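A.B. asks: If you scroll down you'll find the structure; I have some questions about it.
The following block contains the structure:
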């Protein structure tokens, strides 16, 4: 009948302290985490904000991500040019160079 703690009790106490320390560290880390809820209609720029935050506060994009965005950017450029050419026609705005008008007309036939 000893009054000392058994080896098992000491091990449990040590494990309990480790768990408490880990919980405290996790709590401190969670307290530093900022969460942001972005609400808005589709195409209002929510994902753009997230992408900009990644560029600014992390290491930017990987080579693979850049290649994925390349196709998207190219498509956006083509769609924008096509919209401008169609709007010029609708608004009666002529090209300064008639060769450009022919190129634009031919290009819009294929897009």
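Residue numbers (UniProt numbering): 1 to 111.
Quick reminder that beta carbons are idealized off the backbone N, C-alpha and C, glycines included.
As the structure is a prediction and not an experimental result, all values here were calculated from the model.
1. Do residue 38 and residue 46 have their C-beta atoms closer together than 7 Å?
2. Which whole-angstrom value describes the C-beta separation of residue 95 and residue 87, a residue pair presumed to lie in contact below a C-beta threshold of 8 Å?
3. Contact check, residue 108 vs residue 85 under 8 Å by CB: the rounded distance?
4. On the three-state DSSP scale, how would you describe residue 55?
5. List the endpoints of the continuous alpha helix (DSSP H) containing residue 91.
C.D. replies: If we stick to the structure as given:
1. For the purposes of this step, residue 38 is taken as the residue at position 38 of the chain shown. For the purposes of this step, residue 46 is taken as the residue at position 46 of the chain shown. Yes, they are a contact pair.
2. Locating residue 95 in the chain shown gives position 95, counting from the first residue. Locating residue 87 in the chain shown gives position 87, counting from the first residue. Under the criterion of beta carbons closer than 8 Å, residue 95 and residue 87 do not qualify as touching, at roughly 13 Å.
3. Position 108 of the chain shown, counted from the start, is the residue given in the question as residue 108. Position 85 of the chain shown, counted from the start, is the residue given in the question as residue 85. A Cβ-Cβ distance of about 6 Å is found for the pair residue 108 and residue 85, placing them in contact under the 8 Å criterion.
4. The residue labelled residue 55 in the question sits at position 55 within the chain shown. In this structure, DSSP gives residue 55 a helical state, which the three-state scheme calls helix.
5. Here residue 91 refers to the residue found at position 91 when the chain shown is read from its first residue. Per DSSP, the unbroken alpha helix (DSSP H) holding residue 91 starts and ends at 63-91.
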